[in-house]
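**Student:**
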Amino acid sequence: MSGRSTGLRVKGLTVADGSRWLVRDLDMEVKPGAVHMVLGERDTGKTALLEAVAGLRREERGTVRLGESDNAPPRDRRRGARFLPRECDATQLSTLERLLVGRPPRRLGLAIHGKRAEEHARALAKRVGLEALLDVPVEALRPLERRLIELAAALGESPRALLLDEPTSELGPHEARHFLGVVRAIAREDGIPIVFTSTWARDGYPDAEAVTILRRGEAPVTVSTAEVTESALSERWTGGGFRRAPTGPHSAGDALLRIENIVLRGRGRETSLAGVAFEVRAGEVLAIVGAPADGLNLLHDVLLGHRAPDRGSIQFLGKELAATDRRQRVEAGVSFVSPPHARDQSLGNFTVEENLILGQTRRGPFARRGWLKFESIRGNAVRSLSDFEVPDAKPRDRFGHLSLGAQQRIVIAREVLRDPVLLVARSPAQGLSLEAQEYVRKALVLQCERRSGLLWLSEDPEEALRVADRLAVLAAGRLVWLPVTETLTREAIIDEMSGTAA
Numbered sequence: 001m002s003g004r005s006t007g008l009r010v011k012g013l014t015v016a017d018g019s020r021w022l023v024r025d026l027d028m029e030v031k032p033g034a035v036h037m038v039l040g041e042r043d044t045g046k047t048a049l050l051e052a053v054a055g056l057r058r059e060e061r062g063t064v065r066l067g068e069s070d071n072a073p074p075r076d077r078r079r080g081a082r083f084l085p086r087e088c089d090a091t092q093l094s095t096l097e098r099l100l101v102g103r104p105p106r107r108l109g110l111a112i113h114g115k116r117a118e119e120h121a122r123a124l125a126k127r128v129g130l131e132a133l134l135d136v137p138v139e140a141l142r143p144l145e146r147r148l149i150e151l152a153a154a155l156g157e158s159p160r161a162l163l164l165d166e167p168t169s170e171l172g173p174h175e176a177r178h179f180l181g182v183v184r185a186i187a188r189e190d191g192i193p194i195v196f197t198s199t200w201a202r203d204g205y206p207d208a209e210a211v212t213i214l215r216r217g218e219a220p221v222t223v224s225t226a227e228v229t230e231s232a233l234s235e236r237w238t239g240g241g242f243r244r245a246p247t248g249p250h251s252a253g254d255a256l257l258r259i260e261n262i263v264l265r266g267r268g269r270e271t272s273l274a275g276v277a278f279e280v281r282a283g284e285v286l287a288i289v290g291a292p293a294d295g296l297n298l299l300h301d302v303l304l305g306h307r308a309p310d311r312g313s314i315q316f317l318g319k320e321l322a323a324t325d326r327r328q329r330v331e332a333g334v335s336f337v338s339p340p341h342a343r344d345q346s347l348g349n350f351t352v353e354e355n356l357i358l359g360q361t362r363r364g365p366f367a368r369r370g371w372l373k374f375e376s377i378r379g380n381a382v383r384s385l386s387d388f389e390v391p392d393a394k395p396r397d398r399f400g401h402l403s404l405g406a407q408q409r410i411v412i413a414r415e416v417l418r419d420p421v422l423l424v425a426r427s428p429a430q431g432l433s434l435e436a437q438e439y440v441r442k443a444l445v446l447q448c449e450r451r452s453g454l455l456w457l458s459e460d461p462e463e464a465l466r467v468a469d470r471l472a473v474l475a476a477g478r479l480v481w482l483p484v485t486e487t488l489t490r491e492a493i494i495d496e497m498s499g500t501a502a
């Protein structure tokens, strides 16, 4: 333990973005050596809170005590606190080089290179268990490894506090547990306060001492994990117990999509697909759960047509699909919904009505002989915003100015109104408000009532359990099938994901 930190205390912190309040009157105290989680949906001010504490964003009012200072000015906070953003840069630097960026070891004020510098980097990597990967390019690392290396690099700057913005957002639950266990050990060994944000209540256990809950329009609430159980926090967070999407279970019909023995080599240290095979039938929800780097991203890329498999075939309605032709898939009757924050399903600078017709301007109701039919486009937007309950948006509004939940409803409206035979949804509710999550699940699962098939890819076991008629875990590049019964639990799925199932 370094003994340099006296903890972190935030009192009455208020942060705004123009006329919109991001955080109001927040109190938070994190003692030296403690881990504190901030739980909230996307757009509830979690990032703004960490940026203000780190001195990277101006607060409207309130005080931040870091170390001995009763009200540390932003300059002191920037020096004392280390903020790690949600997205890690996939740099071409080696792990060794990344650990020396920013603040290499010094002697008499001069940077030290060569053997001493390598020893310094190796010591940092050892603290997070990755000393064997110093020669590996950062871009080749798995998301968990990349997160750990960023954490190690931050430790090289001798921070008095660490502020981690959604560090588990790209991790499977078993990977998140490993990462947060390392975070807990660092907090204790160095005697520094560590604050991290998350959209998942489960991340608070067993490593956080307390959880601050942020909700839109409500005062922040802090609870002790010693006094509130994980199940109680989850119920408080979700507003109730476990709820399955409203229309299941479903009776399955004919096979729509057949994936036969797909083999695809992973990139860098990513797990390869090793003979993945399944089918999606009309009127059913097939959920496949896995960590992104354990093959889920690769499988999604294959389904989108972004990558060709090394071996295997993809058949839709009995016909072979070209390996890398997304347009062929869409024209055949496949619709895709990506995570809300994905950039491949919308254009932020375009209007709402323009986003609602993406990919549909060559033919169909919105174009004739190469000319756009503006009345049809406007009418489609008005109906879609009404039918999919986006009351605050207008057809000519900029899509990128809307909330994440409103954006995702508009994307779902576009994809559902294509009347697809098959929907492929990749974590479509990730990071949304609880109300928006429920809406997304309902809107997509309802397509099974129309005899569409729904393939749901997710790293979240609870989300999969809410929608699945059939469920498989993608682990070590292969599928493990689990019967969907009332006795199937989140923990059983996580055990299969981590390879620790009995």
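Those letters in the sequence shown? Residues 1 to 502, per the UniProt record's numbering, in order.
Built from N, CA and C at the ideal position, the CB exists for glycine as well.
All values derive from a computational prediction rather than experimental measurement.
1. State yes or no: is the C-beta of L214 within less than 9 angstroms of the C-beta of L39?
2. Rounding to the nearest angstrom, what Cα-Cα distance links R327 and V334 in this structure?
3. CB-CB under 8 angstroms to A48, same chain, minus the five flanking residues each way: which ones, in chain order?
4. Can you say whether K126 is buried or exposed, counting buried as having 16 or more other CB atoms within 10 angstroms of its CB?
5. In terms of DSSP beta bridges, what is E189 paired with?
6. If you reduce the DSSP assignment to three classes, tell me which class I357 lands in.
7. For the stretch 195 to 271, list the alpha helix (DSSP H) runs that are entirely contained and at least 4 residues long, ordered along the chain.
8. Compute the Euclidean distance between the alpha carbons of S452 and P395, then round it to the nearest angstrom.
9. With DSSP run on the structure shown, which of helix, strand or coil describes D495?
10. Are there three or more Cβ pairs, one per stretch, closer than 8 angstroms when the stretch 23 to 34 is compared with the stretch 416 to 424?
11. Nearest to G275 by CA position, among D460, L479, A154 and E166, is which residue?
12. Can you give the beta carbon distance from N380 to L356, rounded, assuming they're within the 8 angstroms contact cut?
13. Determine the contact status of V399 and A443, defining contact as a CB-CB distance below 9 angstroms.
14. Do you know how far the Cα of H178 is from the Cα of A54?
15. Tell me whether P74 sits in a helix, a strand or coil according to DSSP, three-state version.
16. Per DSSP, A472 forms a beta bridge with which residues?
17. Are the beta-carbon atoms belonging to L155 and L124 less than 9 angstroms from one another?
18. Okay, do the stretch 339 to 353 and the stretch 311 to 322 touch, 3+ Cβ pairs below 8 angstroms being the bar?
19. Tell whether a beta-carbon distance below 9 angstroms holds between A393 and V445.
20. In whole angstroms, give me the CA-to-CA distance for L93 and R441.
21. Should E218 be labelled buried (16 or more other beta-carbon atoms within 10 Å of its own) or exposed?
22. So, helix, strand or coil for E170, using DSSP?
23. Quick one: using the 10 Å Cβ neighbour count with 16 as the cut-off for buried, is K46 buried or exposed?
24. Locate the beta strand (DSSP E) running through G379, then write down its first and last residues.
25. Which of helix, strand or coil does DSSP assign to E320?
26. Starting from D27, follow the beta strand (DSSP E) in both directions and report where the run begins and ends.
27. Between which two residues does the alpha helix (DSSP H) holding T14 run?
**Tutor:** According to the structure data:
1. yes
2. 9 angstroms
3. V15, D17, L22, V23 and R57
4. exposed
5. Note: E189 sits in no beta bridge, so no partner.
6. coil
7. 230 to 238
8. 28 angstroms
9. helix
10. no
11. L479
12. 6 angstroms
13. Position check: residue 399 holds Phe in this sequence, whereas Val was assumed. Cβ distance not < 9 angstroms, so F399 and A443 don't count as in contact.
14. 25 angstroms
15. helix
16. I288 and W481
17. yes
18. no
19. no
20. 40 angstroms
21. exposed
22. coil
23. buried
24. Looking at the DSSP string, G379 is not in any beta strand (DSSP E); the run it does join, the alpha helix (DSSP H), is F374 to D387.
25. strand
26. R20 to V30
27. From DSSP, T14 is part of no alpha helix (DSSP H) but of the beta strand (DSSP E) over L8 to D17.
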